[in-house]
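Trainee: What follows is a structure written as structure tokens; I'll ask about it next.
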Amino acid sequence: MLKSATPKSLRWQRAKQSLLARQTDIFLSAARLMGYLWWDNTIARRFPQHRNRRAQWLVGTLLDLGPTFIKIGQALSTRGDLLPPEYIQALGQLQDRVPSFDADDAIAIIEAELGNPLYTLYRDFDPVPIAAASLGQVHKARLHTGEDIVIKVQRPGLDTLFDLDFRVLRRLLRFCQRYLPWTREYELEAIYEEFAQVLYQEIDYVQEAINADRFRHNFRDHARILAPKVYPKYTTKKVLTMDYVPGIKINDRQSLEAIGINVKEINQLGICSYLKQLLQDGFFQADPHPGNMAVSPDGCLIFYDFGMMAEVKSIDKDQMVRTFFAVLRKDTDQVIQTLMSMGLIEPVPDMAPIRRVMGFVLERFTEKPIALQEFSHVRQEVSALFAQQPFRLPAKMTFILKALTTLDGVARDLDPQYSLLEAAKPFVKSITLAKGQGSSIGVLTKQAREYITYKLRQPSATERLIQRLEERLEQGELEIRARSLETDRAIRTINLALKSLIYACLTGFLLLSGAVLLVGAYKIWAFAAFGLAGLGALILTRSLINLAIRERISRLVR
Numbered sequence: 008m009l010k011s012a013t014p015k016s017l018r019w020q021r022a023k024q025s026l027l028a029r030q031t032d033i034f035l036s037a038a039r040l041m042g043y044l045w046w047d048n049t050i051a052r053r054f055p056q057h058r059n060r061r062a063q064w065l066v067g068t069l070l071d072l073g074p075t076f077i078k079i080g081q082a083l084s085t086r087g088d089l090l091p092p093e094y095i096q097a098l099g100q101l102q103d104r105v106p107s108f109d110a111d112d113a114i115a116i117i118e119a120e121l122g123n124p125l126y127t128l129y130r131d132f133d134p135v136p137i138a139a140a141s142l143g144q145v146h147k148a149r150l151h152t153g154e155d156i157v158i159k160v161q162r163p164g165l166d167t168l169f170d171l172d173f174r175v176l177r178r179l180l181r182f183c184q185r186y187l188p189w190t191r192e193y194e195l196e197a198i199y200e201e202f203a204q205v206l207y208q209e210i211d212y213v214q215e216a217i218n219a220d221r222f223r224h225n226f227r228d229h230a231r232i233l234a235p236k237v238y239p240k241y242t243t244k245k246v247l248t249m250d251y252v253p254g255i256k257i258n259d260r261q262s263l264e265a266i267g268i269n270v271k272e273i274n275q276l277g278i279c280s281y282l283k284q285l286l287q288d289g290f291f292q293a294d295p296h297p298g299n300m301a302v303s304p305d306g307c308l309i310f311y312d313f314g315m316m317a318e319v320k321s322i323d324k325d326q327m328v329r330t331f332f333a334v335l336r337k338d339t340d341q342v343i344q345t346l347m348s349m350g351l352i353e354p355v356p357d358m359a360p361i362r363r364v365m366g367f368v369l370e371r372f373t374e375k376p377i378a379l380q381e382f383s384h385v386r387q388e389v390s391a392l393f394a395q396q397p398f399r400l401p402a403k404m405t406f407i408l409k410a411l412t413t414l415d416g417v418a419r420d421l422d423p424q425y426s427l428l429e430a431a432k433p434f435v436k437s438i439t440l441a442k443g444q445g446s447s448i449g450v451l452t453k454q455a456r457e458y459i460t461y462k463l464r465q466p467s468a469t470e471r472l473i474q475r476l477e478e479r480l481e482q483g484e485l486e487i488r489a490r491s492l493e494t495d496r497a498i499r500t501i502n503l504a505l506k507s508l509i510y511a512c513l514t515g516f517l518l519l520s521g522a523v524l525l526v527g528a529y530k531i532w533a534f535a536a537f538g539l540a541g542l543g544a545l546i547l548t549r550s551l552i553n554l555a556i557r558e559r560i561s562r563l564v565r
């Protein structure tokens, strides 16, 4: 009789976690990551396949380390200012999926938290979870009053694991600040504080219930935006009880179209709801992946998870209208000013790099649908910009970028040709034509007039090319490059020869050191030196072979 294989236990799932063991796991993983990043940026700079392998290793390591690091990895998937493009791409696919825990454990937590036997609390309870993640799992049930509900139960020992992980991360942060001065420019302290605050809020189900009620209140006048009702009587820090609101997964285009739902309309609804959250309410869901959103059979948009919510300063309606038309006019300064007023961009002495990124985005994406290949291009452009003129995004921007990029992926799944500005127009219309907002209508008229004037005075393609050339000359972007293939080959050969010389010197030094230590009766250290010398000899041999091959190719080309 065949037996199913038992899933491999991950490091974070150990029954007992000691501070020393956990610290060893995390410090070693961090040291390996730093080593890999150094190697990729120096030795293997021209080999993207190496970076891809390292990126996949990072994803596997984060999954192995557990919930804290899965969430951190997902947040880092937007930080092109911290990691190379290959790592960003791999982290963007990091899925928060782990095996469910035992139903008996879930029942024990429910009974301990709510202070009553399970069937005193609920008429029915399904022991098989309908969803599971690293932080908890969801069971379907029914109240004695007849309402169908879902119960979200926190994974056992999660708060203890978070406490342990953040103690270790604090120590790692102090170590980096003390012994690795170059890490200070990345504002790791602010990033740490932001992550800690958001992740601790996410495992507090009372806070999630408050967030859900606030979200429902913000959308009380929007009949097509649904959020499940919370039952406070059956909710604690580790147990959350909400209405059961079934729906079709938002990225399941085939099923939506099969029941006659217009996916473009759903895209419009989703984009407008997020613009309202971000710009009008200043309170938004920071993790809008397909598991957290669904569509009801009558075409309403359902939001489920309110654990990871974030806040920004909301801006008034007039400012929103100005910003919208600034995007249409490609007015980089106005858009940056709005982002600065919301606290999403920090003012720095040299704003040129930020203007360049914003100008690139506005130029590419305002008048045509957003394409996947365009995002690949902009990612490379932004990464190159970070390397040339690095600037750091505020920590809170991480969650906004994560939300917007995830939402964009969902929108493209539904409609690959969707246009962000087209989808946003109903939101702008709604805020400008709202009752009692006469001043907004005046602002709208003024901005619309300015936009029409801008379009009429828009220069021809040749004039735009000359204008762009002048801007690039002023900003020092334009460089005249003369390249010679022969010179390039000679430089590469010299570079390889210098590396071989360095390897030869190191190998010789290690051999000499081993001999001296052996004479001095330090046998263990001598053997260690000989071992390193052997490794150096292997690297030297490989380098010499590469040098010989390059010389032969050069002769053949001549």
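Those letters in the sequence shown? Residues 8 to 565, per my numbering, in order. Glycine included, every Cβ here is placed at the ideal spot set by N, Cα and C.
Give me the Cα-Cα distance between LEU179 and LYS283, rounded to the nearest whole angstrom.
Mentor: Within the sequence shown, numbered from 1, the residue matching residue 179 stands at position 172. Within the sequence shown, numbered from 1, the residue matching residue 283 stands at position 276. Approximately 39 Å, taken between the alpha carbons.
Trainee: For ARG317, which option in ALA293, VAL334 and PHE332 has the closest C-alpha, if you only look at C-alpha atoms?
Mentor: Translated into positions along the sequence shown, residue 317 becomes position 310. Before going on, a small fix: residue 317 reads as Ala here, not Arg. The shortest Cα separation from ALA317 among ALA293, VAL334 and PHE332 belongs to ALA293.
Trainee: Go ahead and pull the three-state DSSP assignment for GLU93.
Mentor: Start at 1 with the first residue of the sequence shown, and residue 93 comes out as number 86. Helix, per DSSP.
Trainee: On the CB-based measure, 16 or more other CB atoms within 10 Å of its CB, does PRO74 come out buried or exposed?
Mentor: Within the sequence shown, residue 74 is the residue found at index 67, counting from 1. By the neighbour-count rule (16 or more Cβ atoms within 10 Å), PRO74 is buried.
Trainee: Would a C-beta distance cut-off of 8 Å place LEU308 and ILE273 closer than the cut-off?
Mentor: Indexing the sequence shown from 1 puts residue 308 at position 301. Indexing the sequence shown from 1 puts residue 273 at position 266. Yes. Within cutoff.
Trainee: Using CA coordinates, which residue listed in LEU65, PRO106, SER107 and LEU70 is at the minimum distance from LEU90?
Mentor: Here residue 90 refers to the residue found at position 83 of the sequence shown. LEU90 has its Cα closest to that of LEU65, out of LEU65, PRO106, SER107 and LEU70.
Trainee: Tell me, which residues are paired with ARG149 by DSSP?
Mentor: Taking the sequence shown and counting its residues from 1, one reaches residue 149 at position 142. According to DSSP, ARG149 bridges with ASP131 and ASP155.
Trainee: Entirely within the region 150-231 and at least 3 residues each: give me those beta strand (DSSP E) ranges in chain order.
Mentor: As far as the region 150-231 is concerned, its whole beta strand (DSSP E) runs of at least 3 residues are 155-161.
Trainee: Which residues mark the beginning and the end of the alpha helix (DSSP H) in which ILE79 is found?
Mentor: Within the sequence shown, numbered from 1, the residue matching residue 79 stands at position 72. Looking at the DSSP string, the run of the alpha helix (DSSP H) that includes ILE79 is 74-83.
Trainee: Quick one: residues in its chain with C-beta nearer than 7 Å to the C-beta of HIS151, no 5 flanking neighbours on either side, listed in chain order?
Mentor: Taking the first residue of the sequence shown as position 1, residue 151 is located at position 144. Around HIS151: ARG130.
Trainee: Please classify ASP172 as buried or exposed, where buried requires at least 16 neighbouring CB atoms within 10 angstroms.
Mentor: Here residue 172 corresponds to residue number 165 of the sequence shown, with the count starting at 1. Under this definition ASP172 is a buried residue.
Trainee: Please check the pair GLN161 and PHE108, which I expect to be a contact at CB under 8 Å, by giving their CB distance rounded to whole angstroms.
Mentor: Against the sequence shown, residue 161 aligns to sequence position 154. Against the sequence shown, residue 108 aligns to sequence position 101. Wrong, their Cβ atoms sit about 10 Å apart, outside the cutoff.
Trainee: How long is the line joining the alpha carbons of GLN341 and VAL334, rounded to whole angstroms?
Mentor: Locating residue 341 in the sequence shown gives position 334, counting from the first residue. Locating residue 334 in the sequence shown gives position 327, counting from the first residue. Taking the straight line from one Cα to the other gives about 8 Å.
Trainee: Let me confirm a value: CYS279 is counted as buried when at least 16 other C-beta atoms fall within 10 Å, else exposed. Which label applies?
Mentor: On the sequence shown, residue 279 is found 272 positions in, with the first residue counted as 1. Looking at its Cβ environment, which holds 16 or more other Cβ atoms inside 10 Å, CYS279 is buried.
Trainee: Is the CB-CB distance between LEU206 and PHE182 below 8 Å?
Mentor: Stepping through the sequence shown from its first residue, residue 206 is reached at position 199. Stepping through the sequence shown from its first residue, residue 182 is reached at position 175. No.
Trainee: Quick check on the DSSP output: the beta strand (DSSP E) that includes MET249 runs from which residue to which?
Mentor: Taking the first residue of the sequence shown as position 1, residue 249 is located at position 242. Where MET249 is concerned, the enclosing beta strand (DSSP E) stretches over 246-250.
Trainee: When every heavy atom of the ligand GTP is checked, does at least one fall within less than 7 Å of the C-beta of GLU264?
Mentor: The ligand GTP is not among the ligands present in this structure, which contains no ligands whatsoever.
Trainee: Give me, in chain order, the residues of the same chain whose beta-carbon lies closer than 8 Å to that of GLU264; leave out the 5 immediate sequence neighbours on both sides.
Mentor: As a position in the sequence shown, residue 264 is number 257, starting the count at 1. Within the same chain, GLU264 has close Cβ partners VAL270.
Trainee: ARG143 by DSSP, collapsed to three states: which one?
Mentor: Taking the first residue of the sequence shown as 1, we reach residue 143 at position 136. At residue 143 the sequence reads Gly, which differs from the Arg that was named. In this structure, GLY143 counts as strand in the three-state DSSP scheme.
Trainee: Quick one: what does DSSP say GLN100 is sitting in, helix, strand or coil?
Mentor: Residue 100 sits at position 93 when you count from the first residue of the sequence shown. If DSSP states are grouped into helix, strand and coil, GLN100 belongs with coil.
Trainee: In the DSSP output, which residue or residues are listed as bridge partners for VAL302?
Mentor: If you number the sequence shown from 1, residue 302 lands on position 295. Per DSSP, ILE255 and LEU308.
Trainee: Assuming PRO354 and MET347 are in contact, meaning their beta carbons sit under 8 Å apart, how far apart are those beta carbons, in whole angstroms?
Mentor: Taking the first residue of the sequence shown as position 1, residue 354 is located at position 347. Taking the first residue of the sequence shown as position 1, residue 347 is located at position 340. Going by Cβ atoms, the distance from PRO354 to MET347 rounds to 6 Å, so yes, they are a contact pair.
Trainee: Can you give me the C-alpha to C-alpha distance between GLU154 and LEU187, rounded to a whole angstrom?
Mentor: Residue numbering aside, residue 154 sits at position 147 when the sequence shown is read from its first letter. Residue numbering aside, residue 187 sits at position 180 when the sequence shown is read from its first letter. Going from the Cα of GLU154 to the Cα of LEU187 covers about 57 Å.
Trainee: Does the structure place the region 217-233 close enough to the region 124-139 that three or more beta carbon pairs sit under 8 Å?
Mentor: These segments do not touch.
Trainee: Tell me which same chain residues have a C-beta within less than 8 Å of the C-beta of LEU195, skipping the five on either side of it?
Mentor: The count along the sequence shown starts at 1 and reaches residue 195 at position 188. Here the set comprises LEU180, CYS183 and GLN184.
Trainee: Do you know how far the Cα of THR345 is from the Cα of ARG329?
Mentor: Taking the first residue of the sequence shown as position 1, residue 329 is located at position 322. Taking the first residue of the sequence shown as position 1, residue 345 is located at position 338. Going by the C-alpha atoms only, they are around 9 Å apart.
Trainee: Quick one: Cα of ALA522 to Cα of ILE407, how far?
Mentor: Against the sequence shown, residue 522 aligns to sequence position 515. Against the sequence shown, residue 407 aligns to sequence position 400. For ALA522 and ILE407, the distance between alpha carbons rounds to 59 Å.
Trainee: Looking only at its own chain, which residues have a Cβ that is under 7 Å from the Cβ of PHE132, when we skip the five neighbours before and after it?
Mentor: The count along the sequence shown starts at 1 and reaches residue 132 at position 125. So the list reads LEU125, HIS146 and ALA148, once near-sequence residues are dropped.
Trainee: Distance check for GLY298 and THR242, CA to CA, integer angstroms please.
Mentor: Indexing the sequence shown from 1 puts residue 242 at position 235. Indexing the sequence shown from 1 puts residue 298 at position 291. For THR242 and GLY298, the distance between alpha carbons rounds to 22 Å.
Trainee: Would SER520 pass as a contact of ALA536 if the rule is Cβ separation under 8 Å?
Mentor: For the purposes of this step, residue 520 is taken as residue 513 along the sequence shown, with counting starting at 1. For the purposes of this step, residue 536 is taken as residue 529 along the sequence shown, with counting starting at 1. Cβ distance < 8 Å, so SER520 and ALA536 count as in contact.
Trainee: Would you mind reading off the limits of the beta strand (DSSP E) that contains GLN292?
Mentor: Reading the sequence shown from its first residue, position 285 is the one you call residue 292. That run of the beta strand (DSSP E) goes 290-292.
Trainee: What does the Cβ neighbour count give for GLU209, buried or exposed, with the cut at 16 atoms within 10 Å?
Mentor: By one-based count along the sequence shown, residue 209 stands at place 202. Under this definition GLU209 is a buried residue.
Trainee: So the beta strand (DSSP E) ALA317 belongs to, where does it begin and stop?
Mentor: Looking up residue 317 in the sequence shown gives position 310. Residues 316-318.
Trainee: Check whether the Cβ atoms of TYR510 and LEU539 sit closer than 8 Å, and answer yes or no.
Mentor: Residue mapping note: residue 510 aligns to position 503 of the sequence shown, counting from 1. Residue mapping note: residue 539 aligns to position 532 of the sequence shown, counting from 1. No, the Cβ-Cβ distance between TYR510 and LEU539 is not below 8 Å.
Trainee: Tell me whether the beta-carbon of GLY267 lies closer than 8 Å to the beta-carbon of VAL302.
Mentor: As a working note, residue 267 is residue 260 in the sequence shown. As a working note, residue 302 is residue 295 in the sequence shown. No. Outside cutoff.
Trainee: Do you know offhand how far ALA616's Cα is from LEU70's?
Mentor: The chain is shown from 8 up to 565; residue 616 falls before or after that span and cannot be answered.
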